[in-house]
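To start, the structure itself, in structure tokens.
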Amino acid sequence: MPELPEVETIRQDLSCLIVGRKVLAIATDTPGKILPSLELVKKAVVGSTIKRIDRRAKLLQLILDNGKVIAFHLKMSGRLLVRKVGEEKDDWQHIVITLSEGLELRFADMRKFGWMKLFLSREDLKKVLTEYGPEPLSDLTLKKFREILEANGRAIKIVLMDQEKIAGIGNIYANEALFLAKIDPRTPADKIKEKQAAALFLAIEKVLRLGLRYRGASDRYYLDALGQKGHFQEHFLVYGRQGKECGSCKGMIKRIALGGRGTFYCPSCQK
DNA sequence: AATCGTTCCTGATAGC
DNA sequence: TGCTATCAGGAACGAT
2 MPELPEVETI RQDLSCLIVG RKVLAIATDT PGKILPSLEL VKKAVVGSTI KRIDRRAKLL
62 QLILDNGKVI AFHLKMSGRL LVRKVGEEKD DWQHIVITLS EGLELRFADM RKFGWMKLFL
122 SREDLKKVLT EYGPEPLSDL TLKKFREILE ANGRAIKIVL MDQEKIAGIG NIYANEALFL
182 AKIDPRTPAD KIKEKQAAAL FLAIEKVLRL GLRYRGASDR YYLDALGQKG HFQEHFLVYG
242 RQGKECGSCK GMIKRIALGG RGTFYCPSCQ K
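Okay, here's the thing in structure tokens:
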């Protein structure tokens, strides 16, 4: 599932591939996934040029030269693919944005949880973006991190995945970071000691950077903008490894449900 | 205000 | 073998 490293990898790809291209047309077979509506989006963006690609949390934004912004949320299974016009249709392809010079930006989504949304101005977008917590790789400091933990009594894994608290961390990176920091995912955030908080702060940075280095985790559906898999899934220490041996203590990785999400940890390493 | 349950959707998997 | 039922899961939303 696309989290910060996956969305950032796509952002970098799109920056190289489609910045400077003009939007010629938009088509879809799932109009409900285009907000506020296909017609309004067409009217606002067809004819404009893509100036820049930004990312904030898991939200990807095409910044257009007319001041409008198109944002995408990939949710569980969304893909943004750059293809040449006429190339074979992609699996679960639902939105096609035709660009100048024979390219297409395709939004494909097996689960159909993802969406595309028009923002009429940078100010409108900014309002939404301020609702996200700090970016863990650029804005978050240890001091700020400790304040977040102290202010929240819910399980640490729930807090890590809460986009209003910290932006961009999803299930995979939350599980992996907690393993590296040797913290039980159920520990109430406000009960985490100073030393453990510092270890977790570093572990978050480490797993996110590792995810970026491997161009994301293609656990199930994730592909980069050219349709290539990432490789971080080959280095998972706990995620999806229930019943397997812990690489650190030779105990067995356990799976539990936390906040309705699959949670993976080593009971003997993570106290 | 904080937190919980429900909803969206479809492929994978379990059970018979 | 082939059918049906269940489940997973990010985040918005309504309910408590």
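For the first sequence, this note's numbering gives the first residue as 2, with consecutive numbering after it. Note that CB positions come from ideal geometry on N, CA and C, so glycine has one too.
Could you spell out where the alpha helix (DSSP H) holding M1 opens and where it closes? The structure shown does not extend to residue 1, since the chain spans only 2 to 272, so no value can be given for it.
Just verifying my parser: in three-state terms, what is the DSSP assignment at A109? Here the question's residue 109 lines up with position 108 in the first sequence. It is a strand residue.
Three-state class that DSSP yields for M2 in the structure shown: Along the first sequence, one-based indexing puts residue 2 at 1. If DSSP states are grouped into helix, strand and coil, M2 belongs with coil.
List, from N- to C-terminal side, the alpha helix (DSSP H) runs of 4 residues or more that fit wholly inside the stretch 136-219. Restricting attention to alpha helix (DSSP H) runs no shorter than 4 residues, the stretch 136-219 encloses them at 143-151, 157-162, 172-181 and 195-214, ordered along the chain.
Stretch pair the stretch 74-93 + the stretch 102-109: three plus CB contacts closer than 8 Å: The stretch 74-93 makes contact with the stretch 102-109: 3 or more CB pairs, one atom from each, lie closer than 8 Å.
Taking three-plus beta-carbon pairs below 8 Å as touching, is the stretch 130-138 in contact with the stretch 94-105? Taking 8 Å as the limit for Cβ pairs, the verdict is that the stretch 94-105 does not touch the stretch 130-138.
Count the CB pairs spanning the stretch 23-43 and the stretch 245-256 that are closer than 8 Å, and state whether there are at least three. No: the two stretches stay apart, fewer than three of their Cβ pairs being nearer than 8 Å.
Using 8 Å as the threshold, is the C-beta distance between V24 and V8 below it? Here residue 24 is taken as the residue at index 23 of the first sequence, counted from 1. Here residue 8 is taken as the residue at index 7 of the first sequence, counted from 1. Cβ distance not < 8 Å, so V24 and V8 don't count as in contact.
Option in E4, M117 and Q62 with minimal Cα separation from A28: Here residue 28 corresponds to residue number 27 of the first sequence, with the count starting at 1. Comparing Cα positions, the closest option is M117.
Looking at I51: is its Cβ nearer than 8 Å to the Cβ of L65? The residue labelled residue 51 in the question sits at position 50 within the first sequence. The residue labelled residue 65 in the question sits at position 64 within the first sequence. Cβ atoms of I51 and L65: closer than 8 Å.
Quick one: using the 10 Å Cβ neighbour count with 16 as the cut-off for buried, is V42 buried or exposed? In the first sequence, residue 42 corresponds to position 41, counting from 1. V42 comes out buried.
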